[in-house]
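There are 2 protein chains.
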Amino acid sequence: MMLIDRLNERIMACKAPICVGLDPVLESIPAVYFADGASEVEAIYAFNQDVIDAVCDLVPAVKPQIAFYELFGSAGIACYERTIAYAKRKGLFVITDAKRNDIGNTAMAYAKAHLGEGSPLEVDFLTVSPFLGEESLVPFIDVCKAEDKGIFILVRTSNAGNRMVQDAQNANGCTVSETLAEYIRQQAGACLGESGYSAIGAVVGATYPQEAETLRKAMPASLFLVPGYGAQGGGAEDVVPCFNADGLGAVVNSSRGILYSYADKHCSREEYKTSVVAATKAMQQDIYGALRGSYPDIKY
Amino acid sequence: MMLIDRLNERIMACKAPICVGLDPVLESIPAVYFADGASEVEAIYAFNQDVIDAVCDLVPAVKPQIAFYELFGSAGIACYERTIAYAKRKGLFVITDAKRNDIGNTAMAYAKAHLGEGSPLEVDFLTVSPFLGEESLVPFIDVCKAEDKGIFILVRTSNAGNRMVQDAQNANGCTVSETLAEYIRQQAGACLGESGYSAIGAVVGATYPQEAETLRKAMPASLFLVPGYGAQGGGAEDVVPCFNADGLGAVVNSSRGILYSYADKHCSREEYKTSVVAATKAMQQDIYGALRGSYPDIKY
């Protein structure tokens, strides 16, 4: 069974087209993780373990943001390696948010680093930036095809300032976002699973529901990774247009809204995990409820 | 003395507005570095040391491409840390080619990771991708201002396929590249050194000399990082328009043309270093000769 089909199966089993961001920010992590003289990266790893334990039966995937690990150099990347290994052991799919981009053998090095079999950083999905154009995406797509992996190409990001680049128009009148969507549609067939979905996906922000509807039609088979829910202002109604009528086709991310939902900085690890479970369940009910309300033909 | 002024001083002292790319590709590294059972990252570090020793008196800067280190996970990033430390000890400026981009506190994490004082990955300059728009560049510019560091924002990359994104036009008729150039011009004043140059710079490929001329006029104070010379097809005449008439304003990179210029895969380390010195000197003469030929008012 292909990666995309296994992910869709887990989404349906959990009734949760959701991933939880693993964005460790030292100032926001409860004090208990720094007890007993734990180093910064030790604290982050223990924190990540608790988040993973709390969510692994509730959602199909986690999304570490690699910048927060890179901040600690090689020790941070070692912590990241342990984190993704732990998430995989707990049955979670791992989506690395790295927005990598380059050309030629450099792009291939990034693709192999994050998606290549046996690489220390190997995960299931990677976010990719398209600033260097189509040819910069080819090495990533090639690795996806060869190794049954997935990518999410930035098409419409959740931030207001994206328009300077993403709304600019090509000679044929299509915006950069629309041009990328058409390119992804063309590529999606190559990595198509039995579920009818493709692991060549797109990042589409929850903050632009009208555009999400257009992009959904433009890339019917592609999986969308949807940032912007919760702390960034997107609600459940806003993410609904990112989905197809079967309730599939998108994975909505929440990071801060789940990780930092706890009430007391001096909570215990058990109390912290309880807050993560509660916030994740609330998000699941919010998203799933909106989907069921909008799509009578939902498959789960 | 500010970073940009110190760099310009070294460029003039070396008569070499040049940086050498540190892009270790295992298949291309001479066999001697793998002798005595050296691991892949040990081989890369020894290789990098020899390149650095060979070029440190000839050029002002090296440019490691971080993808080739990320490929080996945390061990690769540890090798990268040792490499940048060694380059700094040898008096070289370090430009990290990472093309990082994100928004908010994630962008800030990348900026602090690569440019923050005391970070394990701290270097002098970082390449930054602008796909998420102006607001995604602000955290990097803020760190440059606060810590006297520099960035090169991708404006016109050296690859043919860049046009899908970089040639798209905004509502005012300006292309994405032109819009970014205007933004950089506005920001450059904040990080201006006594030499009249700014550490808020741009990546402008050597493969588009006509556009380089236009972009040079649009961003008169910004330092350009110029890829595409040598192996990618750009010649010395093509990079001349990236410079101002004083012979400053650009740093031309060569990676493969220098690192893999050796004739015999089974050369000794001394023979390898000799080939690196010869290729670097040839590039210096090529670029410096073209600049002297074009700019009678060159300052060095």
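Protein chains in written order, with my numbering: chain B, -5 to 294; chain C, -5 to 294.
Glycine residues also receive a C-beta, built at the ideal position from the N, C-alpha and C atoms.
These figures come from a predicted structure and were not determined experimentally.
If you drop the 5 nearest sequence neighbours on each side, which residues of the same chain put their C-beta closer than 6 angstroms to that of C:S22? The residues are Y254.
Taking the alpha-carbon positions, what's the B:G31 to B:F41 distance? A direct Cα-Cα distance of roughly 15 angstroms separates B:G31 from B:F41.
B:V197 and B:V149: beta carbons closer than 9 angstroms? Going by C-beta atoms, B:V197 is nearer than 9 angstroms to B:V149.
Please give me, in chain order, every unbroken run of the beta strand (DSSP E) with length at least 3 that falls completely inside the segment 88 to 168 of chain C. Runs found: 119 to 122 and 144 to 150.
Under 6 angstroms Cβ to Cβ from B:K57, same chain only, skipping five residues before and after it: list those, please. Counting only residues of its own chain and dropping the five nearest sequence neighbours on each side, B:K57 has a CB closer than 6 angstroms to the CB of C13, G15, I89, D91 and N247.
Interface residues of chain B facing C:N153 [CB-CB closer than 9 angstroms]: Around C:N153, the beta-carbon contacts reaching into chain B at under 9 angstroms are I97, G98, L126, G127, E129 and S130.
Any contact of the segment 74 to 82 of chain B with the segment 108 to 125 of chain B, i.e. 3+ C-beta pairs under 8 angstroms? Contact between the segment 74 to 82 of chain B and the segment 108 to 125 of chain B is present, because at least three Cβ pairs lie under 8 angstroms.
Does C:P11 pass the burial test, meaning 16 or more other C-beta atoms within 10 Å, or should it be called exposed? Buried, by the Cβ-count rule.
So, B:Y202 versus B:D44, is the Cβ gap smaller than 9 angstroms? Taking the C-beta atoms as reference points, B:D44 is found no nearer than 9 angstroms to B:Y202.
Span of the alpha helix (DSSP H), counted from its first residue to its last, around C:P203: Run containing C:P203: P203 to A212, per the alpha helix (DSSP H) assignment.
Closer than 9 angstroms to chain B by CB, C:G224: With a threshold of 9 angstroms between beta carbons, C:G224 makes no contact with chain B.
When Cβ atoms are compared, which residues of the segment 49 to 68 of chain B fall closer than 8 angstroms to chain C? For the segment 49 to 68 of chain B, the residues whose beta carbon sits under 8 angstroms from a beta carbon of chain C are, in order, Q59, A61, F62, E64, L65, F66, G67 and S68.
Residue range of the alpha helix (DSSP H) that B:C13 falls in? B:C13 -> not in any alpha helix (DSSP H); beta strand (DSSP E) instead, spanning I12 to L16.
Quick one: give me the first and last residue of the alpha helix (DSSP H) that C:V233 is part of. Judged by DSSP secondary structure, C:V233 falls within the alpha helix (DSSP H) whose first and last residues are A230 to V233.
Is the beta carbon of C:G187 closer than 9 angstroms to that of C:M(-5)? Yes, the pair counts as a contact, with Cβ atoms nearer than the cut-off.
Just reading off the beta strand (DSSP E) that C:M247 is part of, what are its end residues? Note on identity: in this sequence residue 247 of chain C is Asn, with Met being the wrong assignment. Per DSSP, the continuous beta strand (DSSP E) segment holding C:N247 begins and ends at A244 to S248.
May I ask which residues mark the beginning and end of the alpha helix (DSSP H) holding B:S288? Here the alpha helix (DSSP H) through B:S288 covers R263 to S288.
Any C-beta of chain B sitting closer than 9 angstroms to the C-beta of C:L(-3)? Contact with chain B is absent for C:L(-3), since none of that chain's Cβ atoms lies less than 9 angstroms from the residue's Cβ.
Report buried or exposed for C:H260, applying the criterion of at least 16 other Cβ atoms within 10 angstroms of its Cβ. Taking all protein chains in view, the Cβ of C:H260 is surrounded by fewer than 16 other Cβ atoms within 10 Å, so the residue is classified as exposed.
Alpha helix (DSSP H) segment containing C:G67, residue limits: Per DSSP, the unbroken alpha helix (DSSP H) holding C:G67 starts and ends at G67 to R83.
When you check each C-beta in the segment 153 to 167 of chain C against every C-beta of chain B, which residues fall closer than 7 angstroms? Under the 7 angstroms Cβ criterion, the segment 153 to 167 of chain C contributes N153, G155, N156, R157, M158, V159, A162, Q163 and N164.
Option in C:V49, C:E231 and C:A25 with minimal Cα separation from C:D295: Here chain C covers residues -5 to 294 and nothing more, so residue 295 of chain C does not appear.
Proximal residues of chain C, C-beta to C-beta of B:E75 below 7 angstroms: The contact set of B:E75 on chain C, defined by CB atoms closer than 7 angstroms, consists of G67 and S68 in chain order.
Report all residues from its chain with a CB closer than 7 angstroms to the CB of C:A81; omit the five preceding and five following residues, and keep chain order. Answer for C:A81: I46, V56 and V88, listed in chain order.
Distance, C:E264 Cα to C:G127 Cα: Their Cα atoms are separated by approximately 47 angstroms.
Taking all protein chains shown into account, decide if B:Q226 is buried (16 or more other Cβ within 10 angstroms of its Cβ) or exposed. Classification of B:Q226: buried, given that the 10 Å Cβ count is 16 or more.
So what's B:I292 in DSSP terms, helix, strand or just coil? B:I292 falls in the coil class under three-state DSSP.
Is it true that the CB of B:G144 sits closer than 9 angstroms to the CB of B:L285? At least 9 angstroms separates the beta-carbon of B:L285 from that of B:G144.
In this structure, does DSSP put C:C171 in helix, strand or coil? Cys is not the amino acid found at residue 171 of chain C; the sequence shown has Ser there. Under the three-state reduction of DSSP output, C:S171 falls in the helix class.
In the DSSP assignment, what are the bridge partners of C:I194? For C:I194, which the question treats as bridged, DSSP gives the partners C:I145.
Using only the alpha-carbon positions, how far apart do B:Q278 and C:I5 sit? So the alpha carbons of these two residues sit roughly 58 angstroms apart.
Suppose contacts are defined by Cβ-Cβ distances below 9 angstroms. Is C:S192 in contact with C:A175 by that definition? No, Cβ-Cβ distance for C:S192 and C:A175 is not below 9 angstroms.
For the beta strand (DSSP E) containing C:L219, name the first residue and the last one. Per DSSP, C:L219 belongs to the beta strand (DSSP E) from S216 to V220.
Is B:V19 helix, strand or coil by DSSP? In the three-state DSSP reduction, B:V19 falls in the coil class, being neither helix nor strand.
Taking a cut of 8 angstroms between CB atoms, which residues from the segment 13 to 35 of chain B lie near chain C? Taking 8 angstroms as the Cβ-Cβ cut-off against chain C, the residues of the segment 13 to 35 of chain B that qualify are D17 and V19.
Candidates B:R83, B:A37 and B:L52: which alpha carbon is nearest B:Y296's? In this structure chain B extends from -5 to 294, so residue 296 of chain B is not present and cannot be described.
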